[in-house]
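Trainee: What follows is a single structure, and I will ask about it in a moment.
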Amino acid sequence: MNRQKRTEIFRRLREANPKPTTELNYSTPFELLVAVILSAQATDVGVNKATARLFPVANTPEAILALGVDGLKEYIKTIGLYNSKAENIIKTCRILIEKHGGQVPDNRKDLEALPGVGRKTANVVLNTAFGQPTMAVDTHIFRVANRTGIAPGKNVLEVEQRLLRLVPREFLQDAHHWLILHGRYTCTARKPKCGACIIEDLCEFKDKRDYL
Ligand code: SF4
Numbered sequence: 001m002n003r004q005k006r007t008e009i010f011r012r013l014r015e016a017n018p019k020p021t022t023e024l025n026y027s028t029p030f031e032l033l034v035a036v037i038l039s040a041q042a043t044d045v046g047v048n049k050a051t052a053r054l055f056p057v058a059n060t061p062e063a064i065l066a067l068g069v070d071g072l073k074e075y076i077k078t079i080g081l082y083n084s085k086a087e088n089i090i091k092t093c094r095i096l097i098e099k100h101g102g103q104v105p106d107n108r109k110d111l112e113a114l115p116g117v118g119r120k121t122a123n124v125v126l127n128t129a130f131g132q133p134t135m136a137v138d139t140h141i142f143r144v145a146n147r148t149g150i151a152p153g154k155n156v157l158e159v160e161q162r163l164l165r166l167v168p169r170e171f172l173q174d175a176h177h178w179l180i181l182h183g184r185y186t187c188t189a190r191k192p193k194c195g196a197c198i199i200e201d202l203c204e205f206k207d208k209r210d211y212l
């Protein structure tokens, strides 16, 4: 795909949604961190339901640590893998208090050292809480980048690095939100809605379909 097409794709995605953001509800970097840890293999809707109960009671490392693993589980037990997520969040809270003054660090090295935080989670927090132009490649972005030809790659790291290199600078900050939302609602895994897709004429997918 050439640069002109890629630019036009992001121009249209921006026009359709000028201020994209995560669908996870949060009001502080710490709330976002907890929500993203909880969102692994879970839906944003499910996470939002749990955090709507949890955050009014505990939304700081100190308060969640005070709940303890069992107390925390009571709020998140509707979410998959909640046992290990509860343990990771409690350990993360302890590290934040002991090493970072109770604050979420704004750099990859310290974020990825937190239990339950991998590269993708760190990318989401760096981008969404701290405004850094990172690319958190999830299953939706991986699919859209490959299908459209925006940034094809064999694995998520390859796609991440290509997107960082190929997405025009003016779109970098918000690109991952646009691609996630496009993959979640239009370029869906099994039934892409090509007939209703605003970038259909620019997309290089060979097997376009319309399942509307
Ligand atoms: S045209 Fe179809 S395959 Fe291409 S981005 Fe749109 S929905 Fe996805």
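Take 1 as the starting number for the sequence shown in full-length UniProt numbering and just add one per residue.
Glycine included, C-beta positions come from ideal geometry on N, C-alpha and C.
Predicted model only: the values in this text are computed from it and were never measured.
State yes or no: is the beta carbon of R184 nearer than 8 angstroms to at least one beta carbon in chain B?
Mentor: The structure shown has no chain B; it contains just one protein chain.
Trainee: With distances taken from CA atoms, which of N146, F30, G195, R53 is nearest I180?
Mentor: N146
Trainee: Can we count V144 as close to ligand 1, meaning its CB is less than 7 angstroms from some heavy atom?
Mentor: yes
Trainee: Between the alpha carbons of T148 and R119, how many angstroms are there, rounded?
Mentor: 24 angstroms
Trainee: For K193, which residues does DSSP report across the bridge?
Mentor: In the DSSP output, where bridge partners are listed per residue, K193 has D210.
Trainee: Apart from the five residues on each side of it in sequence, which residues of its chain come closer than 6 angstroms, Cβ to Cβ, to F30?
Mentor: V104
Trainee: Keeping to the same chain, check which residues put their C-beta closer than 7 angstroms to that of T7; ignore five residues upstream and five downstream.
Mentor: P168
Trainee: Comparing C-alpha positions only, which one of C187, A196, H182 sits nearest to L13?
Mentor: H182
Trainee: Measuring alpha carbon to alpha carbon, tell me which residue in V156, E160, V144 is nearest C194.
Mentor: For the residues V156, E160, V144, the minimum Cα distance to C194 belongs to V144.
Trainee: Tell me whether E200 counts as near ligand 1, meaning its Cβ is closer than 7 angstroms to at least one heavy atom of that ligand.
Mentor: yes
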